[in-house]
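Sequence order for the protein chains is A and B.
So the first sequence is numbered by my numbering: it starts at 1 and just counts up by one.
So the second sequence is numbered by my numbering: it starts at 1 and just counts up by one.
Every residue gets a Cβ at the ideal spot worked out from N, C-alpha and C, and that includes glycine.
Each remark here refers to the structure printed beneath this line.
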Amino acid sequence: MNEVEDAQLLERSRRGDEGAFSELYRRYQAGIYRYAVHMCGTSAGDDVVQETFLAVLGQRGRTDAPRQTVAGYLFGIARHIVLQRLGSKYEPFTDSGDDDISEVASGALTALDNLTRTETIAAVRAAVQSLPPVYREAVVLCDLQEMEYAAAAGVLQCPIGTVRSRLSRARALLVTKLSAVYATADARRQ
Amino acid sequence: MKESDGRRSLDTALRAIAEDEAQLGASVGIEVRLLAEVRNIAVARRRRMVIVVCAAAAVVLLALWIGSQRFLPSRSSEARVAEVTTDFMPLAYSSVPSTNVQVVRLAVPRAALVAFGLTPPEPLERASADTVLADVLVGDDGLARAVRFVRPAADQEQMP
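Here it is in structure tokens:
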């Protein structure tokens, strides 16, 4: 998306331009909604979207463009609201960068190919949901929202290396969880 | 199976979730509520603009008014314009030289007008029936040098 155009939409929205706000909302509401749902549950989606855009409109005194991209700025606000909701549930773990788990379970994971699409989605979604918030966040932003690492680092307010490390750890945890799912499904078939 | 195959399977599965959720979004009511907020902002902004414009216009008008007041005659000169006076008429000590002469306004008997050969006008008010106003030129020695008679402009046509 055109960043200059995004910044103009943001500025015009703050001045009360309905058309600009509608366009800005159309571009980003779905992504913010999905991020909120993955982080806090379905019931939080609407609330987080509303609070995020209200916060943007509440900053109508601001005329400067955000330091990061508009997407990063909006997701940053959404994340702040999400963290408030999660409270103590969001505790950053030590990023050990331990990928060994994925090596152990990667063989089992390829069996996902044998599941139906619906089964796969349900299994992976459940696995993502069970990740600790700090890792789930990395997966949601980088894998599900397809946000670039640099942009995700801006939203998460951490170095790019930390994003990579959390993502790697999250994927390793997913592999472990999904291998168990596959084992169950396989046993059921037999 | 290789690890890369496992990774690819996970990537594929995550992409499937992303595709599955592509249509998800906030309910329509949220956008309606937010658009109402945007409209409120627009209304408040217009209101602020009107107030600012009115305030600016008021300041400009005030400045213009203050500027125009400088070129208007003062209240005292206005009062003077509203009066009709005779010429100064010399009195007995008019020939006595004086360095500093002041004008003193007095109420003098109407008979004084007659003494100078002037016809007294009809009085405007009962209280001033027996007197008329006169400006007397008084020197620093206390001697009166000249006198003129004063009356309001309303009586102008009656002033000789």
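Leaving aside the five residues that flank Ala152(A) on each side, the residues in its chain whose CB is nearer than 6 Å to its CB run, in chain order, Leu141, Cys142 and Val163. Rounded to whole angstroms, the gap between the alpha carbons of Val132(B) and Thr99(B) is 28 Å.
Using a Cβ-Cβ cut-off of 9 Å, Ile51(B) does not count as an interface residue toward chain A, since no Cβ of chain A sits closer than that to its own.
Against Ala30(A), the close residues of chain B are Leu24 and Gly25, in the order they occur along the chain (beta-carbon pairs closer than 7 Å).
Nearest C-alpha to Thr86(B) among Arg45(B), Val101(B), Ser95(B) and Gly117(B): Gly117(B).
Gln102(B) has Val138(B) as its beta-bridge partners, per DSSP. Thr85(B) sits in a strand when the DSSP states are folded into three classes. Per DSSP, Pro97(B) lies in no alpha helix (DSSP H) and is assigned neither H nor E.
Look at the stretch 3-70 of chain A and you find these whole runs of alpha helix (DSSP H), each 4 residues long or longer: 3-14, 18-40 and 44-58. One Cα belongs to Ile32(A), the other to Gly67(B), and the distance between them is close to 59 Å.
Within the stretch 1-22 of chain A, contact with chain B at the beta-carbon level (separation under 8 Å) is assigned to Ser13, Arg14, Arg15, Gly16, Asp17, Glu18, Phe21 and Ser22. Leu86(A) and Cys40(A) have their C-alpha atoms roughly 7 Å apart.
9 Å or more divides the Cβ of Leu83(A) from the Cβ of Val56(A). Phe149(B) is bridged by DSSP to Ala134(B). Listed along chain B, no residue sits closer than 9 Å to Gly154(A) by beta-carbon distance, the nearest being about 21 Å off.
Taking C-beta separations shorter than 8 Å and ignoring five residues to either side along the sequence, the partners of Gln59(A) in its chain run Arg14, following chain order.
Within 8 Å of the CB of Val38(B), the CB atoms of chain A belong to Ser13, Gly16, Asp17, Glu18, Phe21 and Leu57, in sequence order along the chain. Spanning the alpha carbons of Val104(B) and Thr119(B) requires a straight line of approximately 22 Å. Secondary structure remark: continuous beta strand (DSSP E) runs of at least 3 residues inside the stretch 16-57 of chain B: none found. Residue-level contact check: Val82(A) does not touch chain B, since none of the beta carbons of chain B fall below 9 Å from its beta carbon. Contacts with chain A at 9 Å (Cβ-Cβ) do not include Arg47(B). In this structure, the alpha-carbon of Lys177(A) lies about 49 Å from that of Ile41(B). Secondary structure note for Gly154(A): its alpha helix (DSSP H) is the uninterrupted segment Tyr149 to Leu156. Pairing Ile77(A) with Thr52(A), the inter-Cα distance amounts to about 6 Å.
In the DSSP assignment, Glu119(A) falls within the unbroken alpha helix (DSSP H) covering Arg117 to Gln129.
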